[in-house]
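K.L.:
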Amino acid sequence: MPLYQYQGIRRADGRSVKGTRDADNEKALRAALKRDGILISELSEKGTAEDRRSVDFKKLLFKRVNKADVELATRQLATLTRSGISLVESLTAIIDQSDKPDLKTALIDIRDQVNQGMSLADAFGRHPKYFDTLYCNMVNAGEQSGTLEQVLGRLADFMTAQNRLRSKVIGAMTYPAVMLVMGLGIITVMMVVVVPKMTAIFKTFGDAMLPLPTRMLIALSEFMQSFWWLVIALLVIAVVGFRKWKKTPKGEFKWHGFTLGAPIFGKLVMMIAVSRFSKTLSTLLKSGVPLLTAMDITKGVLGNAVLQQVIVEASSSIREGESIAEPLKASGRFPPLVTHMIAVGERSGQLEEMLENVALSYDAQVETRVAALTSLLEPLMIVFMGLGAGSIALAVLMPLMQMSEFVQ
869 MPLYQYQGIR RADGRSVKGT RDADNEKALR AALKRDGILI SELSEKGTAE
919 DRRSVDFKKL LFKRVNKADV ELATRQLATL TRSGISLVES LTAIIDQSDK
969 PDLKTALIDI RDQVNQGMSL ADAFGRHPKY FDTLYCNMVN AGEQSGTLEQ
1019 VLGRLADFMT AQNRLRSKVI GAMTYPAVML VMGLGIITVM MVVVVPKMTA
1069 IFKTFGDAML PLPTRMLIAL SEFMQSFWWL VIALLVIAVV GFRKWKKTPK
1119 GEFKWHGFTL GAPIFGKLVM MIAVSRFSKT LSTLLKSGVP LLTAMDITKG
1169 VLGNAVLQQV IVEASSSIRE GESIAEPLKA SGRFPPLVTH MIAVGERSGQ
1219 LEEMLENVAL SYDAQVETRV AALTSLLEPL MIVFMGLGAG SIALAVLMPL
1269 MQMSEFVQ
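Take a look at the structure:
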């Protein structure tokens, strides 16, 4: 199907508009744009829609989706539809002001599909890179219940909370990671460049006369100079092997179990998972998504195979008539406070509100724990770098101290 680039004027307000759109021919495109209230002033063919999809696919392979852009588009769509503007016009307005080419292309396709009679949820489902299963199911529930505007608002709020939590965790981990990389880099440079020059004067001493730490330092330095390629190759093999092992069902399950039980970060991983579970399930239930469907969707956002297995077992129990809280409690993976609050919410008929309270509570705990870990990791990184540099300096100075004593 040919792809056209057009410029025109919107009849409603006289504003100039431009964009790209596919159609069977120019006549069909002019008719479609006329239905949208756009009078074409310029029109030119720009390849085919298949070419566009091929190019877009290549772009998406190498470019990550910015969740903040999707969040902004969702909030704008909620505001426009709440104001009584039709869905197609709302999408057109968002497309016109979008400055993200990839997202704009996806939105153009979504608008075209909606204009041709497809539901908004199905149109979003054509672009899973931007709009995941959770997003599409919530939109579908909103369309079915006639509360699309409210659902889009809840979606935007949910994405805001998730993006904020992700930013806090990434921001807190960035500084220690940078410090660790810099420390390893400095120590490597010292071992490969500085140490050989400083220890050259010790060659005349003979290995027997040198202290053990100095002999070890010289041996390690010579190994790194001669076999640096082997060290890099082993690191690459280890990383690739670990990633492949982690992608296997057994490896993924074992690794996720290890992360949950890790001494320092395990509790933080659990808090983040509980927050995601509670917030997602609450948002889905408020939007009218059935419980079992909501549980299945929520399983996908946990990011932990062990907890996902717990949700699968809980869903099976719910199908047999049990409550949500009992299987979660029996698994021993969810904190007792969480299962207790869920049980109270089920009994009182306020499960959505109780889940929202759990999410708010754990968001606050995650923020506090991240701040505490950050304040702990910073001095640990400094100590690590100090010990590395100090050990090298001590190994170099020990023979000089022995020479000084011998001269005296």
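Just so you know, we're using our numbering here: the sequence shown kicks off at 869 and counts up by one.
All C-beta atoms in this analysis are idealised placements derived from N, C-alpha and C, irrespective of residue type, glycine included.
Return the chain-ordered ranges of every alpha helix (DSSP H) run that is complete within the segment 1017-1088 and spans a minimum of 4 residues.
P.N.:
Listed in chain order, the complete alpha helix (DSSP H) runs (minimum 4 residues) inside the segment 1017-1088 are 1063-1067.
K.L.:
Which of the three DSSP states is assigned to Gln-873 in this structure?
P.N.:
In the structure shown, Gln-873 sits in a strand (DSSP, three-state: E or B).
K.L.:
Apart from the five residues on each side of it in sequence, which residues of its chain come closer than 7 Å, Cβ to Cβ, to Glu-1235?
P.N.:
Same-chain partners within the cutoff: Lys-1036.
K.L.:
Can you have a look at Gly-952 and say buried or exposed, based on whether 16 or more other CB atoms are within 10 angstroms of its CB?
P.N.:
Burial call: exposed.
K.L.:
Would Phe-1133 pass as a contact of Val-1174 if the rule is Cβ separation under 8 Å?
P.N.:
No, the Cβ-Cβ distance between Phe-1133 and Val-1174 is not below 8 Å.
K.L.:
Relative to the C-alpha of Met-1163, which candidate in Gly-1171, Val-1180 and Thr-942 has its C-alpha closest?
P.N.:
Taking only the C-alpha atoms, the option nearest Met-1163 is Val-1180.
K.L.:
Determine the extent of the alpha helix (DSSP H) in which Ala-961 is found, giving its start and end residues.
P.N.:
Taken as a continuous stretch (DSSP letters only), the alpha helix (DSSP H) holding Ala-961 covers 955-965.
K.L.:
Please go through the same chain and pick out, in chain order, the residues whose beta-carbon is closer than 6 Å to the beta-carbon of Phe-1202, but skip the five residues on each side of it.
P.N.:
The answer, listed in chain order, is Leu-1196.
K.L.:
Return the first residue and the last residue of the alpha helix (DSSP H) that Glu-894 is part of.
P.N.:
Taken as a continuous stretch (DSSP letters only), the alpha helix (DSSP H) holding Glu-894 covers 894-903.
K.L.:
Where does Thr-888 sit, in a helix, a strand or coil, going by DSSP?
P.N.:
The answer is strand: DSSP assigns Thr-888 an E or B state.
K.L.:
Going by DSSP in three states, Val-979 sits in which element: helix, strand or coil?
P.N.:
Checking the sequence shown, residue 979 turns out to be Arg, not Val. Three-state DSSP puts Arg-979 in a helix.
K.L.:
Assign Ser-912 to one of three DSSP states: helix, strand, or coil.
P.N.:
Of the three classes helix, strand and coil, the one that applies to Ser-912 here is strand, per DSSP.
K.L.:
Return the residue from the list Lys-895, Met-1269, Gly-887 and Leu-1048 that minimises the CA-CA distance to Pro-1247.
P.N.:
Among Lys-895, Met-1269, Gly-887 and Leu-1048, the Cα nearest to that of Pro-1247 belongs to Leu-1048.
K.L.:
Return helix, strand or coil for Ile-1260, following the three-state DSSP convention.
P.N.:
If DSSP states are grouped into helix, strand and coil, Ile-1260 belongs with the helices.
K.L.:
Tell me which residue opens and which closes the alpha helix (DSSP H) that Asp-990 is part of.
P.N.:
It spans 988-993 - the alpha helix (DSSP H) in which Asp-990 sits, taken as one unbroken run.
K.L.:
Between which residues of its own chain and Leu-955 is the CB-CB distance below 7 Å, once the five residues before and five after are set aside?
P.N.:
Closer than 7 Å at Cβ, skipping near neighbours: Thr-949, Val-982 and Leu-988.
K.L.:
Under the three-state reduction of DSSP, which class applies to Ser-1229: helix, strand or coil?
P.N.:
In the structure shown, Ser-1229 sits in a helix (DSSP, three-state: H, G or I).
K.L.:
Taking the straight line between their C-alpha atoms, what separation do you get for Glu-1221 and Thr-1151?
P.N.:
Distance between the alpha carbons of Glu-1221 and Thr-1151 is about 10 Å.
K.L.:
According to DSSP, what are the bridge partners of Leu-907?
P.N.:
Answer is Ile-877.
K.L.:
Would you mind sorting Lys-927 into buried or exposed? The rule is 16 or more other CB atoms within 10 Å of its CB.
P.N.:
Annotation note: pLDDT 45 at Lys-927 (below 50); position unreliable, no value reported.
K.L.:
On the criterion of 16 or more Cβ atoms from any shown chain inside 10 Å, does Thr-1116 qualify as buried, or is it exposed?
P.N.:
Per the 10 Å Cβ criterion, exposed.
K.L.:
On the three-state DSSP scale, how would you describe Pro-1267?
P.N.:
Helix, per DSSP.
K.L.:
Would Thr-942 and Ala-1024 qualify as a contact pair, given that the criterion is a beta-carbon distance under 8 Å?
P.N.:
It is a contact, given that the beta carbons lie within the stated cut-off.
K.L.:
Can you look up Gly-1189 in the DSSP assignment and give me helix, strand or coil?
P.N.:
Three-state DSSP puts Gly-1189 in coil, outside helix and strand.
K.L.:
Whose CA, out of Gly-1051, Arg-1034, Thr-1028 and Ile-908, lies closest to the CA of Met-1253?
P.N.:
Checked all of Gly-1051, Arg-1034, Thr-1028 and Ile-908; the closest Cα to Met-1253 is Gly-1051.
K.L.:
List the endpoints of the continuous alpha helix (DSSP H) containing Pro-1204.
P.N.:
That run of the alpha helix (DSSP H) goes 1204-1216.
K.L.:
If you draw a straight line from the alpha carbon of Ile-1038 to that of Thr-1127, how long is it in whole angstroms?
P.N.:
C-alpha separation (whole angstroms): 17 Å.
K.L.:
Could you check whether Thr-960 and Asp-892 sit closer than 8 Å to each other, using their CB atoms as the reference points?
P.N.:
No.
K.L.:
Between which two residues does the alpha helix (DSSP H) containing Ser-1150 stretch?
P.N.:
1134-1154 is the extent of the alpha helix (DSSP H) around Ser-1150.
K.L.:
In the DSSP assignment, find the alpha helix (DSSP H) that holds Gln-984 and state where it starts and stops.
P.N.:
Note, Gln-984: premise wrong, no alpha helix (DSSP H); not H, not E.
K.L.:
By DSSP, does Leu-1248 sit in helix, in strand, or in coil?
P.N.:
Leu-1248 falls in the helix class under three-state DSSP.
K.L.:
Could you compute how far the alpha carbon of Arg-921 sits from the alpha carbon of Ala-896?
P.N.:
Low local confidence applies: a pLDDT of 46 at Arg-921 is under 50, so the model's placement there is unreliable, and no value is given.
K.L.:
Taking the alpha helix (DSSP H) that Tyr-1003 belongs to, which residues open and close that run?
P.N.:
Element bounds for Tyr-1003: 1001-1013.
K.L.:
Tell me the DSSP secondary structure of Lys-997 in three-state form.
P.N.:
Three-state DSSP puts Lys-997 in coil, outside helix and strand.
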